[in-house]
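J.: Residue numbers (the numbering used here), protein chains in the order written: chain A, 13 to 163; chain B, 403 to 580.
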């Protein structure tokens with residue numbers, strides 16, 4: 013009886029611990045002592061994620077939000093792939109928003125990193141017809157929000 | 403039988419009641435967003451809109467689909483180089499409420515916070531002055547300088563702490579401090 017009970021327990025634990033399906037934007041393994049992903053592998057993984065032909069807006073947003081939650085500035089090749097993905101799902105606002113988010117990720121080194129990013133993604137921008145936030149006038153506050161207590 | 407009961411108890415303990423959560427809260431949230439498009443996974447899984455730098459793509463578009471926005475969206479499917487700057491800005495504002503520069507702009511709220519904090523802190527000084535004038539009796543006589551000197555003289559006369567304290571520092575032969 014004890015043996016069969018412990019067998020059932022093991023089965024339950026195994027089902028709860030081992031995920032049923034793997035999601036592509038999430039690394040395969042999050043435990044310590046495992047293989048460490050190099051920066052190049054990370055960039056390639058995200059580039060491939062955004063380069064998927066059947067990607068939809070939901071997944072693009074998920075990938076961008078994940079990138080913005082990490083302690084890094086996305087590599088220009090990831091940004092390029094993301095802009096192309098925005099083009100495929102016909103979402104212009106998303107493309108501009110992602111460039112803005114990448115600028116915000118530069119933190120206090122924005123004067124060093126952001127010009128480099130713009131220089132690298134410039135061909136993609138002119139190819140797709142995307143304006144930088146500066147060209148749209150979004151580097152400075154444009155509109156003010158009405159105070160919710162005055163509405 | 404015991405085996406079955408144990409398994410049920412374990413399953414009940416680890417399982418999250420998915421259906422109950424989805425039916426109770428998601429429907430309510432969906433009613434709130436009206437006919438805005440739900441385009442992504444919200445920061446807590448709900449269809450909500452907040453401009454956040456660490457989560458820049460909110461789950462819903464900010465504006466509901468009006469006919470002129472629908473026209474713009476049709477135009478957006480074509481070449482983006484043919485869109486005018488105004489149309490691009492309109493598209494941005496249809497998806498998002500504020501730009502990064504706008505929601506990160508300083509509000510100047512700190513001035514009010516600092517001012518009111520100091521005003522409230524100064525209230526304590528007014529209360530103290532009121533107490534001083536209307537509540538407290540005058541300080542006892544023994545706190546005057548004359549009385550303090552007399553008290554010290556008496557302590558010396560009593561030879562308080564003669565080894566390493568007060569009296570040890572007094573020269574009793576010449577009647578002055580050592």
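No residue lacks a Cβ here, since even glycine has one placed at the ideal position from N, Cα and C.
Expressed to the nearest angstrom, what Euclidean distance is found between the alpha-carbon atoms of residue 487 of chain B and residue 520 of chain B?
T.: Here residue 487 of chain B is taken as the residue at index 85 of the second chain, counted from 1. Here residue 520 of chain B is taken as the residue at index 118 of the second chain, counted from 1. Distance between the alpha carbons of residue 487 of chain B and residue 520 of chain B is about 48 Å.
J.: Ignore the nearest five residues each way along the sequence and tell me which others in residue 405 of chain B's own chain have a CB closer than 7 Å to its CB.
T.: Sequence index remark: in the second chain, residue 405 of chain B carries index 3 (1-based). Excluding residues up to 5 positions away in sequence, nothing lies with its Cβ nearer than 7 Å to the Cβ of residue 405 of chain B in the same chain.
J.: Reducing DSSP to helix, strand and coil, say where residue 68 of chain A ends up.
T.: To locate residue 68 of chain A, count along the first chain from 1; it is residue 56. In this structure, residue 68 of chain A counts as coil in the three-state DSSP scheme.
J.: Going by alpha carbons, who is nearest to residue 458 of chain B out of B:496, B:501, B:484?
T.: Residue 458 of chain B sits at position 56 when you count from the first residue of the second chain. When only C-alpha atoms are compared, the closest one is B:501.
J.: Mind listing, in chain order, the continuous alpha helix (DSSP H) runs of no fewer than 4 residues lying wholly within the stretch 511 to 559 of chain B?
T.: Fully contained in the stretch 511 to 559 of chain B are the following alpha helix (DSSP H) runs of length 4 or more, in chain order: 511 to 536, 547 to 559.
J.: Less than 6 Å between C-beta atoms, sequence neighbours within five positions excluded: which residues of the same chain meet that for residue 76 of chain A?
T.: Along the first chain, one-based indexing puts residue 76 of chain A at 64. Around residue 76 of chain A: 110.
J.: Quick one: any contact between the stretch 443 to 451 of chain B and the stretch 476 to 490 of chain B, if contact means 3 or more CB pairs under 8 Å?
T.: no
J.: Using the C-alpha atoms, what's the distance from residue 505 of chain B back to residue 144 of chain A?
T.: Counted from its first residue, the first chain places residue 144 of chain A at position 132. Counted from its first residue, the second chain places residue 505 of chain B at position 103. Residue 144 of chain A and residue 505 of chain B have their C-alpha atoms roughly 18 Å apart.
J.: For residue 454 of chain B, is the classification buried or exposed, using 16 other Cβ atoms within 10 angstroms of its Cβ as the cut-off for buried?
T.: If you number the second chain from 1, residue 454 of chain B lands on position 52. When all chains shown are included, residue 454 of chain B counts as exposed.
J.: Sorted by chain position, which residues of the same chain lie with C-beta nearer than 7 Å to residue 89 of chain A's C-beta, five sequence neighbours on each side aside?
T.: For the purposes of this step, residue 89 of chain A is taken as residue 77 along the first chain, with counting starting at 1. Once the five neighbours on either side are set aside, the close Cβ partners of residue 89 of chain A are 55, 59.
J.: According to DSSP, is residue 573 of chain B part of a helix, a strand, or is it coil?
T.: As a position in the second chain, residue 573 of chain B is number 171, starting the count at 1. Residue state, collapsed to three classes: strand.
J.: Please list the residues of the stretch 120 to 138 of chain A that have a C-beta atom closer than 8 Å to any C-beta atom in chain B, keeping them in chain order.
T.: none
J.: I think residue 114 of chain A touches residue 85 of chain A, with their Cβ atoms under 8 Å apart; what is that distance to the nearest whole Å?
T.: Position 102 of the first chain, counted from the first residue, corresponds to residue 114 of chain A. Position 73 of the first chain, counted from the first residue, corresponds to residue 85 of chain A. Yes, residue 114 of chain A and residue 85 of chain A are in contact; Cβ-Cβ is about 6 Å, under 8 Å.
J.: Could you give the DSSP three-state label for residue 101 of chain A: helix, strand or coil?
T.: Residue 101 of chain A sits at position 89 when you count from the first residue of the first chain. Reduced to three states, the DSSP call for residue 101 of chain A is coil.
J.: With H, G and I counted as helix, E and B as strand and the rest as coil, what does DSSP make of residue 110 of chain A?
T.: In the first chain, counting from the first residue as 1, residue 110 of chain A sits at position 98. Helix, per DSSP.
J.: Can you name the start and end residues of the alpha helix (DSSP H) that residue 136 of chain A belongs to?
T.: The sequence position of residue 136 of chain A within the first chain is 124, counting from 1. Here the alpha helix (DSSP H) through residue 136 of chain A covers 122 to 140.
J.: Does residue 88 of chain A come within less than 8 Å of chain B when only Cβ atoms are used?
T.: The residue you call residue 88 of chain A lines up with position 76 of the first chain. Not one beta carbon of chain B lies nearer than 8 Å to the beta carbon of residue 88 of chain A.
J.: For the stretch 51 to 80 of chain A, enumerate the residues whose C-beta is nearer than 7 Å to any C-beta of chain B, in chain order.
T.: If you check each beta-carbon in the stretch 51 to 80 of chain A against every beta-carbon of chain B, the ones closer than 7 Å belong to 69, 70, 73, 74, 76, 77, 80.
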